[in-house]
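Chemist: I'd like to ask you about the structure that follows.
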Amino acid sequence: MPTRVLLTTCSFQDTPGPHHAQLESQGFEIVRERGPLTEARMLELAGGFDAFLCGDDAITRAVIEKSLPRLRVISKYGIGLDKIDVATTKEFGIPVLFTPGVNHTTVAEHTFCLLLAMQKNLVETVNATRQGKWLRITGHELWRKRIGLIGMGRIGQEMARRAHGFDMEIHGFGNFWPDDIAAQYGVIRHDTVESLFSAVDIISPHTKLNAATHHLINRQRLALMPEGSYVVNTGRGELADSAAILEALASGRLAGYGTDVMEEEPPPADHPLLSHPKVIVTAHIGSRTFESVPRQAKMSLDNLLNFLSGTGPIACANGVIPSDE
Numbered sequence: 117m118p119t120r121v122l123l124t125t126c127s128f129q130d131t132p133g134p135h136h137a138q139l140e141s142q143g144f145e146i147v148r149e150r151g152p153l154t155e156a157r158m159l160e161l162a163g164g165f166d167a168f169l170c171g172d173d174a175i176t177r178a179v180i181e182k183s184l185p186r187l188r189v190i191s192k193y194g195i196g197l198d199k200i201d202v203a204t205t206k207e208f209g210i211p212v213l214f215t216p217g218v219n220h221t222t223v224a225e226h227t228f229c230l231l232l233a234m235q236k237n238l239v240e241t242v243n244a245t246r247q248g249k250w251l252r253i254t255g256h257e258l259w260r261k262r263i264g265l266i267g268m269g270r271i272g273q274e275m276a277r278r279a280h281g282f283d284m285e286i287h288g289f290g291n292f293w294p295d296d297i298a299a300q301y302g303v304i305r306h307d308t309v310e311s312l313f314s315a316v317d318i319i320s321p322h323t324k325l326n327a328a329t330h331h332l333i334n335r336q337r338l339a340l341m342p343e344g345s346y347v348v349n350t351g352r353g354e355l356a357d358s359a360a361i362l363e364a365l366a367s368g369r370l371a372g373y374g375t376d377v378m379e380e381e382p383p384p385a386d387h388p389l390l391s392h393p394k395v396i397v398t399a400h401i402g403s404r405t406f407e408s409v410p411r412q413a414k415m416s417l418d419n420l421l422n423f424l425s426g427t428g429p430i431a432c433a434n435g436v437i438p439s440d441e
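Start counting the sequence shown at 117; every next residue gets the next number (our numbering).
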């Protein structure tokens, strides 16, 4: 019986690259779905696969239990594990593989893309010129603005490098603290997230989603920021309380919110953030580039193939097998 793989990540499937030929050459039976899949759809599919090559699908305890005993491994395209019940995978000895270190540059670039677009009123002015209008709106500089980075891992460090290039005053908060990078780019360390919010004009979260960080950006913390501040979110939609963001935009506390992620993806068509004049929403494309996707796809596929063959390096996120990452 051939190895049967459920492939759900759309970026992997849609973007050209050598990963397609590499996957096709394995002789696997590949079932392709368009993720992210709901728990209900995953439960319909579960039970007939040796491996998941997944994106942000709901891999809950119920899905994992129904997938047994056949399921041997979950290979995540990406680094966010909040949609996977990691505790249950450890309980049943299912390795969860992931792809750290391949998308941090492109996510940082997209974060600055959103930030610059808000500062320069890019969307509104481009929409106007496309309609034959010559709309000249006064914008802002990033030069010497104060940016607060929540999380100083790979993406946070790339943000610090780019913010330094704009001569910004860089503030940071996080359990992990890279002393060398902080010293190189003059990152001011904060002991509490509240201290960070009160010291900056721009907040940019780059931390994992868990119970402690859910709605990290909330009404109380936004109130600590000066009038006319900005939030840019390329992490997870659930890091920010949408209702609090809308309130802060209405009051003028926030001058803009740029986000690549939503609490529900895709969001309902009538979600108020989608049409808000002070909000820019992109469709979770921060790491979806012709350069980044093949890197992530190859690593997720290499992880899978190396696990199945028992040879080569593997980046394992849940400690079920030793990781070379």
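Think of the CB as a built atom: it goes at the ideal place given N, C-alpha and C, for glycine as much as any other residue.
Since the structure is predicted, the reported quantities are computational estimates derived from the model, not experimental observations.
Kindly give me the distance between the Cβ atoms of residue 266 and residue 290, rounded to whole angstroms, as I take these residues to be in contact under 8 Å.
Modeler: In the sequence shown, counting from the first residue as 1, residue 266 sits at position 150. In the sequence shown, counting from the first residue as 1, residue 290 sits at position 174. Going by Cβ atoms, the distance from residue 266 to residue 290 rounds to 7 Å, so yes, they are a contact pair.
Chemist: Would you be able to state if there are at least three C-beta pairs under 8 Å between the region 232 to 242 and the region 208 to 218?
Modeler: no
Chemist: Are three or more beta carbon pairs between the region 401 to 410 and the region 132 to 148 nearer than 8 Å?
Modeler: yes
Chemist: Starting from residue 122, follow its DSSP beta bridges and name the residues at the other end.
Modeler: Within the sequence shown, residue 122 is the residue found at index 6, counting from 1. Per DSSP, 147, 168.
Chemist: Just to confirm before moving on: does the CB-CB distance between residue 377 and residue 350 stay below 8 Å?
Modeler: Counting from one through the sequence shown, the residue named residue 377 turns up at place 261. Counting from one through the sequence shown, the residue named residue 350 turns up at place 234. In this structure, residue 350 lies closer than 8 Å to residue 377 by Cβ.
Chemist: Just reading off the beta strand (DSSP E) that residue 434 is part of, what are its end residues?
Modeler: By 1-based counting over the sequence shown, the position of residue 434 is 318. Premise fails: residue 434 is in no beta strand (DSSP E) and is neither H nor E.
Chemist: Among the candidates 278, 284, 199, 191, whose CA atom is the shortest distance from the CA of residue 413?
Modeler: Here residue 413 corresponds to residue number 297 of the sequence shown, with the count starting at 1. The shortest C-alpha separation from residue 413 is found at 191.
Chemist: Find out if the Cβ-Cβ distance for the pair residue 200, residue 175 is shorter than 8 Å.
Modeler: Within the sequence shown, residue 200 is the residue found at index 84, counting from 1. Within the sequence shown, residue 175 is the residue found at index 59, counting from 1. Yes; because the gap between Cβ atoms is below 8 Å, this pair is in contact.
Chemist: Could you tell me how far apart the beta carbons of residue 360 and residue 390 are, in whole angstroms, since I believe they sit closer than 8 Å?
Modeler: Position 244 of the sequence shown holds residue 360. Position 274 of the sequence shown holds residue 390. Rounded, the Cβ-Cβ distance is 17 Å, inconsistent with contact.
Chemist: Among 141, 178, 189, which has the Cα closest to the Cα of residue 433?
Modeler: Within the sequence shown, the letter at position 317 stands for residue 433. Taking only the C-alpha atoms, the option nearest residue 433 is 189.
Chemist: Any idea what DSSP makes of residue 213, helix, strand or coil?
Modeler: Translated into the one-based positions of the sequence shown, residue 213 becomes position 97. Reduced to three states, the DSSP call for residue 213 is strand.
Chemist: Starting from residue 243 and walking both ways along the alpha helix (DSSP H), at which residues does that stretch end?
Modeler: Looking up residue 243 in the sequence shown gives position 127. Its alpha helix (DSSP H) spans residues 238 to 246.
Chemist: Let's test the definition: count the other Cβ atoms within 10 Å of the Cβ of residue 296 and tell me whether it reaches 16, buried, or not, exposed.
Modeler: Looking up residue 296 in the sequence shown gives position 180. With fewer than 16 other Cβ atoms within 10 Å, it is exposed.
Chemist: By how many angstroms is the C-alpha of residue 332 removed from the C-alpha of residue 341?
Modeler: In the sequence shown, the residue the question calls residue 341 occupies position 225. In the sequence shown, the residue the question calls residue 332 occupies position 216. The straight-line gap from Cα to Cα measures roughly 14 Å.
Chemist: Anyone know if the C-beta pair for residue 231 and residue 318 falls short of 8 Å?
Modeler: As a first step, residue 231 must be located in the sequence shown, where it is residue number 115. As a first step, residue 318 must be located in the sequence shown, where it is residue number 202. Yes, they are a contact pair.
Chemist: In the DSSP output, what is residue 191 paired with across the bridge?
Modeler: Start at 1 with the first residue of the sequence shown, and residue 191 comes out as number 75. Answer is 169, 213, bridged to residue 191.
Chemist: Should residue 117 be labelled buried (16 or more other beta-carbon atoms within 10 Å of its own) or exposed?
Modeler: Locating residue 117 in the sequence shown gives position 1, counting from the first residue. Exposed, by the Cβ-count rule.
Chemist: By the DSSP assignment, the alpha helix (DSSP H) with residue 366 in it spans what residues?
Modeler: As a first step, residue 366 is located in the sequence shown; it is residue number 250 there, counting from the start. Its alpha helix (DSSP H) spans residues 358 to 367.
Chemist: Should residue 120 and residue 164 be called a contact, given that it needs their Cβ atoms to be closer than 8 Å?
Modeler: Here the question's residue 120 lines up with position 4 in the sequence shown. Here the question's residue 164 lines up with position 48 in the sequence shown. Taking 8 Å as the Cβ cut-off, residue 120 and residue 164 qualify as a contacting pair.
Chemist: Please check the pair residue 402 and residue 226, which I expect to be a contact at CB under 8 Å, by giving their CB distance rounded to whole angstroms.
Modeler: Counted from its first residue, the sequence shown places residue 402 at position 286. Counted from its first residue, the sequence shown places residue 226 at position 110. Between residue 226 and residue 402 the Cβ distance is about 4 Å, and since that is below 8 Å, they are a contact.
Chemist: I'd like to know whether the C-beta atoms of residue 355 and residue 329 end up nearer to each other than 8 Å.
Modeler: Position 239 of the sequence shown, counted from the first residue, corresponds to residue 355. Position 213 of the sequence shown, counted from the first residue, corresponds to residue 329. For residue 355 and residue 329, yes; Cβs fall inside 8 Å.
Chemist: What separation, rounded to the nearest whole angstrom, lies between the Cα atoms of residue 183 and residue 405?
Modeler: The residue labelled residue 183 in the question sits at position 67 within the sequence shown. The residue labelled residue 405 in the question sits at position 289 within the sequence shown. Near 32 Å, if we compare the C-alpha coordinates of residue 405 and residue 183.
Chemist: Helix, strand or coil for residue 441? Go by DSSP, reduced to three states.
Modeler: Translated into the one-based positions of the sequence shown, residue 441 becomes position 325. Unreliable placement is indicated for residue 441, whose pLDDT of 45 sits below 50; the coordinate value is still reported in the next sentence. Residue 441: coil per DSSP, three-state reduction.
Chemist: Assuming the contact rule is C-beta atoms closer than 8 Å, residue 370 and residue 347 should be a hit. Round their C-beta distance to whole Å, please.
Modeler: On the sequence shown, residue 370 is found 254 positions in, with the first residue counted as 1. On the sequence shown, residue 347 is found 231 positions in, with the first residue counted as 1. So it is a contact: roughly 6 Å between Cβ atoms.
Chemist: One question on the structure: do residue 298 and residue 288 come within less than 8 Å of each other, judged by their Cβ atoms?
Modeler: Numbered from 1 along the sequence shown, position 182 holds the residue referred to as residue 298. Numbered from 1 along the sequence shown, position 172 holds the residue referred to as residue 288. Cβ distance < 8 Å, so residue 298 and residue 288 count as in contact.
Chemist: Can you give me the Cβ contacts of residue 365 inside the same chain, cut-off strictly under 6 Å, excluding the 5 residues immediately before and after it?
Modeler: Residue 365 sits at position 249 when you count from the first residue of the sequence shown. Excluding sequence neighbours, residue 365 sits near 394.
Chemist: Just to check, is the beta-carbon of residue 185 closer than 7 Å to a non-hydrogen atom of the ligand SAH?
Modeler: The ligand SAH is not part of this structure, which contains no ligands at all.
Chemist: Report buried or exposed for residue 264, applying the criterion of at least 16 other Cβ atoms within 10 angstroms of its Cβ.
Modeler: As a working note, residue 264 is residue 148 in the sequence shown. Around the beta carbon of residue 264, a 10 Å sphere encloses 16 or more other beta carbons of the protein chains shown; the residue is thus reported as buried.
Chemist: What number of angstroms, rounded off, separates the C-alpha of residue 126 from the C-alpha of residue 151?
Modeler: Residue numbering aside, residue 126 sits at position 10 when the sequence shown is read from its first letter. Residue numbering aside, residue 151 sits at position 35 when the sequence shown is read from its first letter. One C-alpha to the other measures close to 6 Å.
Chemist: Tell me the residue span of the alpha helix (DSSP H) that contains residue 178.
Modeler: Residue mapping note: residue 178 aligns to position 62 of the sequence shown, counting from 1. 177 to 183 is the extent of the alpha helix (DSSP H) around residue 178.
Chemist: For residue 319, name the three-state secondary structure that DSSP assigns.
Modeler: Residue numbering aside, residue 319 sits at position 203 when the sequence shown is read from its first letter. Strand at residue 319.
Chemist: Under a CB-based cut-off of 8 Å, is residue 146 close to chain D?
Modeler: In the displayed structure, chain D is absent; only one protein chain is listed.
Chemist: So is residue 186 buried or exposed if we call it buried at 16+ other beta carbons inside 10 Å?
Modeler: As a position in the sequence shown, residue 186 is number 70, starting the count at 1. Classification of residue 186: exposed, given that the 10 Å Cβ count is below 16.
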